[in-house]
Amino acid sequence: MRFHGCGYLVIMTELSVYVHIPYCAKRCTYCDFATFTHREHEEEAYVAAVCQQIDECPYSTRPVRSVYIGGGTPTHVTPAGLCSILNRLRDRFPFTPDAEISLEANPASADGPRFEQLLAAGYNRISFGVQSFNDDSLRLLGRLHSSNDAIDAIRTARAAGFTNISLDMMFALPRQTIRAWTADLDTALDTGVDHISAYSLILEAGTPLTARVRRGLLPEPDDAAAAEMMMQAHRILSGHGFDHYEIANYAKPGFRCRHNIVYWTNGEYLGFGSAAASYVNGCRATAVRDSSEFIRRVQLGQSVIAAEERLPRAEAVAETIMLGIRLLDGVDIEHIEERYAVRLTDVLAPVTTRLQQRGLLRVSGPQIQLTEQGMLLADTVAAELMACVEISLRADSNR
Amino acid sequence: MDTYTQDHIRNFCIIAHVDHGKSTLADRILELTGAIAERDMQDQLLDTMDIERERGITIKMTAVRLRYTALDGQEYELNLIDTPGHVDFTYEVSRSLAACEGAVLVVDAAQGVEAQTVSNVNLAFNNGLTIVPVINKVDLAAAEPERVREDIENILAVEAHDAVLASGKAGLGTREILEQVIERIPAPSGDPSASLRALIFDSHFDTYLGVVCYIRVVDGSIRPGQRVRLMATGRDYEVNTVGVFRPRMEQADLLRAGEVGFFTAGIKTIGDANVGDTLTSAQSPAQEPLAGYRKAKPMVFCGLYPIDNRDYPDLREALEKLQLNDAALSFEPETSAALGFGYRCGFLGLLHMEIIQERLEREFGLRLIATSPSVVFHIHLTDGRTVEVDNPAAFPEPVRIASIEEPYVDATVFVPSTFVGTIMELGQERRGEFVGLEHITHASPTEAAAGAGMYRDRVMLRYRLPLAEILLDFYDQLKSRTRGYASFDYEPAGYREGKLVKLDVLLNGETVDALSLITHRDKAYGRARALVEKMKEVVPRQQYEVRIQAAIGGKIIAAESVRAFRKNVTAKCYGGDITRKRKLLEKQKEGKKRMKQIGSVEIPQEAFLSVLRIG
Chain A
17 MRFHGCGYLV
27 IMTELSVYVH
37 IPYCAKRCTY
47 CDFATFTHRE
57 HEEEAYVAAV
67 CQQIDECPYS
77 TRPVRSVYIG
87 GGTPTHVTPA
97 GLCSILNRLR
107 DRFPFTPDAE
117 ISLEANPASA
127 DGPRFEQLLA
137 AGYNRISFGV
147 QSFNDDSLRL
157 LGRLHSSNDA
167 IDAIRTARAA
177 GFTNISLDMM
187 FALPRQTIRA
197 WTADLDTALD
207 TGVDHISAYS
217 LILEAGTPLT
227 ARVRRGLLPE
237 PDDAAAAEMM
247 MQAHRILSGH
257 GFDHYEIANY
267 AKPGFRCRHN
277 IVYWTNGEYL
287 GFGSAAASYV
297 NGCRATAVRD
307 SSEFIRRVQL
317 GQSVIAAEER
327 LPRAEAVAET
337 IMLGIRLLDG
347 VDIEHIEERY
357 AVRLTDVLAP
367 VTTRLQQRGL
377 LRVSGPQIQL
387 TEQGMLLADT
397 VAAELMACVE
407 ISLRADSNR
Chain B
175 MDTYTQDHIR
185 NFCIIAHVDH
195 GKSTLADRIL
205 ELTGAIAERD
215 MQDQLLDTMD
225 IERERGITIK
235 MTAVRLRYTA
245 LDGQEYELNL
255 IDTPGHVDFT
265 YEVSRSLAAC
275 EGAVLVVDAA
285 QGVEAQTVSN
295 VNLAFNNGLT
305 IVPVINKVDL
315 AAAEPERVRE
325 DIENILAVEA
335 HDAVLASGKA
345 GLGTREILEQ
355 VIERIPAPSG
365 DPSASLRALI
375 FDSHFDTYLG
385 VVCYIRVVDG
395 SIRPGQRVRL
405 MATGRDYEVN
415 TVGVFRPRME
425 QADLLRAGEV
435 GFFTAGIKTI
445 GDANVGDTLT
455 SAQSPAQEPL
465 AGYRKAKPMV
475 FCGLYPIDNR
485 DYPDLREALE
495 KLQLNDAALS
505 FEPETSAALG
515 FGYRCGFLGL
525 LHMEIIQERL
535 EREFGLRLIA
545 TSPSVVFHIH
555 LTDGRTVEVD
565 NPAAFPEPVR
575 IASIEEPYVD
585 ATVFVPSTFV
595 GTIMELGQER
605 RGEFVGLEHI
615 THASPTEAAA
625 GAGMYRDRVM
635 LRYRLPLAEI
645 LLDFYDQLKS
655 RTRGYASFDY
665 EPAGYREGKL
675 VKLDVLLNGE
685 TVDALSLITH
695 RDKAYGRARA
705 LVEKMKEVVP
715 RQQYEVRIQA
725 AIGGKIIAAE
735 SVRAFRKNVT
745 AKCYGGDITR
755 KRKLLEKQKE
765 GKKRMKQIGS
775 VEIPQEAFLS
785 VLRIG
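This is how it looks when you write it as structure tokens:
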């Protein structure tokens with residue numbers, strides 16, 4: 017058999033779609049995403065450019081099983097804009113009947129009619145960037161909403177008919193206590209949402225929050241406390257019927273985020289809009305970060321790709337393990353062997369045994385999964401597995 | 175080949191403190207005697223190795239035969255024997271001095287007498303040499319030949335009223351030096367008809383000829399075909415060639431009493447023809463060897479490990495190659511749990527060690543880790559035996575040790591008098607015993623008033639110090655604390671008892687062998703603190719808490735700990751993050767490859783090296 021480029025060929029007929037909306041009313045203090053403020057004037061042109069990009073997409077015969085509109089703040093553009101993007105996708109691609117269509121929303125304004133309009137257009141899942149129910153923490157993060165705003169927004173969305181609602185929450189915030197985090201989790205549960213993402217704050221370089229911590233104006237979140245908070249979320253949410261299915265994600269039965277699972281299983285997706293990533297046919301491509309530049313290129317008929325990589329097989333296998341291990345169901349090594357036509361079991365055995373001895377990994381037949389301790393050290397686990405895979409597969413291909 | 179009777183032969187060397195212009199002066203002498211045409215001159219021709227030229231020091235000696243027509247109209251054969259200028263090579267210097275009847279003493283007209291000047295003159299006196307003083311660099315603006323002349327007489331007790339005023343750079347005084355060499359240095363006085371006795375004062379390895387031995391024939395003569403014997407080893411050889419350096423090797427029919435040159439006899443390794451050994455006839459051997467032979471003995475030891483363990487065979491090969499020309503270099507395999515496979519290497523001294531390391535890295539492209547240097551300890555055991563230990567790893571259990579002796583040196587420091595306090599402080603810190611202080615040159619009242627006297631008013635301090643204390647950045651401290659004005663030299667001064675202990679560093683209870691060291695008990699605590707604090711800085715947080723301890727025997731004297739990391743997980747990972755995350759983890763695992771695993775603890779290699787450097 018001859019391999020080309022990425023070294024393998026997988027036909028996964030179904031696709032997922034991500035659309036990036038890079039606009040915000042205000043930039044949060046911790047945010048290093050590709051987002052822009054004060055560009056309201058170009059929003060219409062941006063929506064048009066995204067629509068044009070969808071129209072010109074070559075993978076139009078493959079059915080779409082999930083759509084995720086993220087940002088930025090997708091709800092910063094008009095409901096009409098959001099509806100036209102979804103309509104264009106429907107025009108271009110066949111959708112599976114049960115397609116999950118998610119929209120990220122800012123809980124700053126609880127606007128019932130708007131939620132109804134979006135629901136009518138086909139959006140069936142809404143994800144609120146709540147981050148915290150503590151107003152001091154919200155101010156620290158530079159959020160525009162209050163705790164009550166968030167509670168209102170969730171209630172309104174539910175009233176408007178959304179049956180699948182998710183919350184993003186953050187822990188390991190400066191000055192946040194384990195008690196405050198526990199209170200946040202309790203409030204989140206009280207809202208009756210179906211899905212909760214709980215992220216540890218990352219102090220990204222170049223953000224105002226990081227600068228304040230570095231200058232000593234804010235205490236640096238403690239690593240041991242962060243671990244404790246992560247385990248607290250695990251305990252509390254699991255205890256309330258939530259299924260901890262990915263390192264940072266919890267779902268009521270049947271509410272796992274199908275879109276995100278595509279990422280963690282290294283499946284294929286198309287990205288539209290500035291800074292959006294696509295992964296199709298073993299090729300990962302990322303669009304230009306700047307929204308104005310994105311619009312300009314689409315209008316001129318130029319490529320919007322800023323970076324592109326075609327992964328050699330060893331890296332693709334390593335990446336599949338890196339992503340898959342984040343899922344608490346774990347990774348089936350035999351499935352990966354099949355998917356990439358490689359032999360891994362013997363190669364990985366010494367590493368998985370060692371990780372098992374260290375209490376980080378559970379091994380049962382071909383299935384490997386993180387233990388509770390392993391969740392806290394998932395990157396350590398992933399790095400060791402990846403190193404082993406890449407070394408042996410490279411040696412193989414040199415032979 | 176021309177032959178000269180002994181009264182027309184002069185064998186001499188040049189001795190000087192580093193940078194006082196010895197090599198340049200030698201170049202001028204070679205030019206003047208036509209040994210080398212001016213256009214072929216490469217500065218400092220006698221120094222053949224790159225490192226010698228760069229560091230301005232002479233490592234390997236060379237002996238050149240010169241033909242000189244003196245002002246009296248007669249032609250003389252002059253043998254100029256170059257000597258290494260550093261204390262590490264004292265024994266080599268003394269053997270090359272033993273091949274001469276006189277020494278040209280070069281003193282910088284601006285700097286005056288320095289520490290090495292003193293030790294070299296002492297060596298020359300001990301070998302019974304006639305000294306011809308030369309005040310060099312007299313063309314410098316700062317030259318003070320009169321003051322230096324007084325220095326030479328007062329400090330060195332060398333008659334200097336007719337010292338030659340010279341400038342190697344300007345070519346001044348060269349002929350006068352040679353005239354004085356002929357006039358003042360005695361001609362050789364061996365017995366040409368006696369049985370052969372020749373002193374081996376150096377050697378080098380030649381791929382085609384084998385070992386080329388540099389010899390001074392004292393009695394008798396040597397010619398090709400002759401059966402000769404090396405008196406120290408008792409081995410016999412048949413001479414293949416004899417000859418002289420002009421400065422290139424040139425074959426001759428024979429070498430006679432009084433002459434300097436070389437011979438080859440298919441000797442395979444330099445270790446078979448030791449410097450200082452006496453060569454005699456195998457048929458009619460001399461009764462007594464020449465005096466002063468001893469085998470070159472390493473004084474300083476350290477472990478050398480390739481950073482990349484795959485370079486181990488290359489390291490061996492490189493050491494073997496260097497040893498071909500350096501009998502004083504010793505090495506034997508050593509393994510360390512922390513550093514892998516390497517060699518325990520012995521050196522004549524600190525400079526010798528640095529030079530070897532530098533040559534291994536530069537000429538052989540090796541990247542090396544060196545463990546903390548150690549001296550040779552004499553350990554008297556409770557059972558009455560005495561063992562020599564040069565490696566902390568081989569240190570006996572404390573309960574078996576009755577007493578320990580360590581090597582001492584007599585150190586001489588020349589320094590402007592303003593720094594006396596500083597030097598005394600350093601001497602104190604380094605367990606030095608103050609021996610004496612002498613004022614050298616006094617500033618004249620007018621100079622002192624003008625402030626010019628500050629660095630003119632100099633003193634010579636003498637200390638008796640443990641050699642181990644000098645190995646530990648003593649020279650750097652000396653230079654930095656005196657803003658570079660101090661000059662320093664030392665010579666071995668036997669062994670003395672010391673309250674020494676072995677200090678171990680433990681990570682989670684396991685000894686890190688590469689960090690063990692021998693130290694004085696009073697200093698153990700300070701060094702222990704420094705080591706554990708540095709380790710705490712470089713040991714990254716691990717899955718478990720890491721205990722860092724320093725211990726003497728079983729007793730912990732300093733401890734630190736590195737908290738476990740609790741969490742190492744990327745918070746989110748979605749489509750746009752995947753590439754970045756993969757690269758991040760690749761970096762983590764790249765880091766892993768460069769980790770040293772010590773017991774259950776992983777330390778980045780670079781960090782580990784930084785601890786070794788302070789050790």
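These protein sequences, in sequence, are chains A and B.
So the first sequence is numbered by the working numbering: it starts at 17 and just counts up by one.
So the second sequence is numbered by the working numbering: it starts at 175 and just counts up by one.
The beta-carbon is built from N, C-alpha and C at its ideal position, and this holds for glycine as well.
Distance, residue j Cα to residue i Cα
i, j, result
"Glu-226(B)", "Thr-243(B)", "Because the pLDDT of Glu-226(B) is 49, which lies under 50, any placement of that residue in the model is unreliable, and the number read from its coordinates should be weighed accordingly. One C-alpha to the other measures close to 31 Å."
"Ser-82(A)", "Glu-116(A)", "5 Å"
"Pro-237(A)", "Leu-154(A)", "16 Å"
"Glu-212(B)", "Pro-398(B)", "Caution is warranted here: a pLDDT of 49 is assigned to Glu-212(B), below 50, making its placement in the model unreliable, and no coordinate value can be reported."
"Ser-774(B)", "Gly-606(B)", "41 Å"
"Gly-346(A)", "His-256(A)", "22 Å"
"His-250(A)", "Tyr-261(A)", "10 Å"
"Leu-453(B)", "Ala-273(B)", "13 Å"
"Leu-25(A)", "Leu-386(A)", "Unreliable positioning characterises Leu-25(A) in this predicted model, as indicated by a pLDDT of 40, which lies under 50. The coordinate reading is nonetheless provided below. Cα to Cα, Leu-25(A) sits roughly 29 Å from Leu-386(A)."
"Ile-530(B)", "Lys-471(B)", "16 Å"
"Gly-208(B)", "Arg-241(B)", "8 Å"
"Val-754(B)", "Gly-283(A)", "According to the sequence displayed, residue 754(B) carries Arg and not Val. Each residue's Cα considered, the two are about 17 Å apart."
Test item: CB-CB of residue i and residue j under 7 Å
i, j, result
"Ile-374(B)", "Cys-387(B)", "yes"
"Val-379(A)", "Val-358(A)", "no"
"Ala-403(A)", "Lys-763(B)", "yes"
"Ser-143(A)", "Ser-118(A)", "yes"
"Pro-572(B)", "Gly-683(B)", "no"
"Ala-567(B)", "Cys-476(B)", "no"
"Val-332(B)", "Pro-307(B)", "yes"
"Ser-661(B)", "Ala-289(B)", "yes"
"Leu-555(B)", "Asp-485(B)", "no"
"Val-280(B)", "Asn-310(B)", "yes"
"Arg-184(B)", "Leu-254(B)", "no"
"Asp-395(A)", "Thr-744(B)", "yes"
"Gly-523(B)", "Met-598(B)", "no"
"Leu-695(B)", "Lys-673(B)", "Checking the sequence shown, residue 695(B) turns out to be Arg, not Leu. Yes, they are a contact pair."
"Leu-401(A)", "Gly-390(A)", "no"
"Ala-5(A)", "Ala-292(A)", "This structure cannot speak to residue 5(A), because chain A is shown only from 17 to 415."
"Asp-451(B)", "Leu-496(B)", "no"
Opposing strand residues paired with residue i [DSSP bridges]
i, result
"Phe-263(B)", "Answer is none; Phe-263(B) lacks a bridge partner."
"His-694(B)", "Leu-674(B)"
"Asn-103(A)", "Answer by DSSP bridge pairing: none, since Asn-103(A) is not bridged."
"Arg-342(A)", "According to DSSP, Arg-342(A) bridges with nothing at all."
"Lys-770(B)", "Ile-777(B)"
"Pro-480(B)", "Leu-542(B)"
"Ser-377(B)", "Cys-387(B)"
"Tyr-215(A)", "Met-186(A)"
Worksheet item: Does the region 294–305 of chain B touch the region 268–283 of chain B, meaning 3 or more C-beta pairs lie closer than 8 Å?
Response: yes
Worksheet entry | beta strand (DSSP E) segments (min. 3 residues) lying fully within the region 286–353 of chain B | 304–310
Worksheet item: Counting Cβ pairs closer than 8 Å, one from the region 196–203 of chain A and one from the region 223–237 of chain A, do we hit at least three?
Response: no
Worksheet item: Contact between the region 417–434 of chain B and the region 356–372 of chain B: three or more CB pairs below 8 Å?
Response: yes
Worksheet entry | Stretch-stretch touch, CB-based, cutoff 8 Å, three pairs: the region 144–153 of chain A with the region 174–187 of chain A | yes
Item to complete: Would you check if the region 435–443 of chain B and the region 412–421 of chain B touch, i.e. whether three or more CB-CB distances between them fall below 8 Å?
Response: yes
Worksheet entry | Touching by the beta-carbon criterion (3+ pairs, under 8 Å), the region 85–96 of chain A and the region 31–45 of chain A | yes
Practice prompt. List in chain order: all unbroken beta strand (DSSP E) runs of 3+ residues lying wholly within the region 422–504 of chain B.
Written response: 423–426, 434–438, 452–455 and 474–480
Item to complete: Indicate whether the contact test is met: 3 or more Cβ pairs, each with one atom in the region 505–519 of chain B and one in the region 479–493 of chain B, closer than 8 Å.
Response: yes
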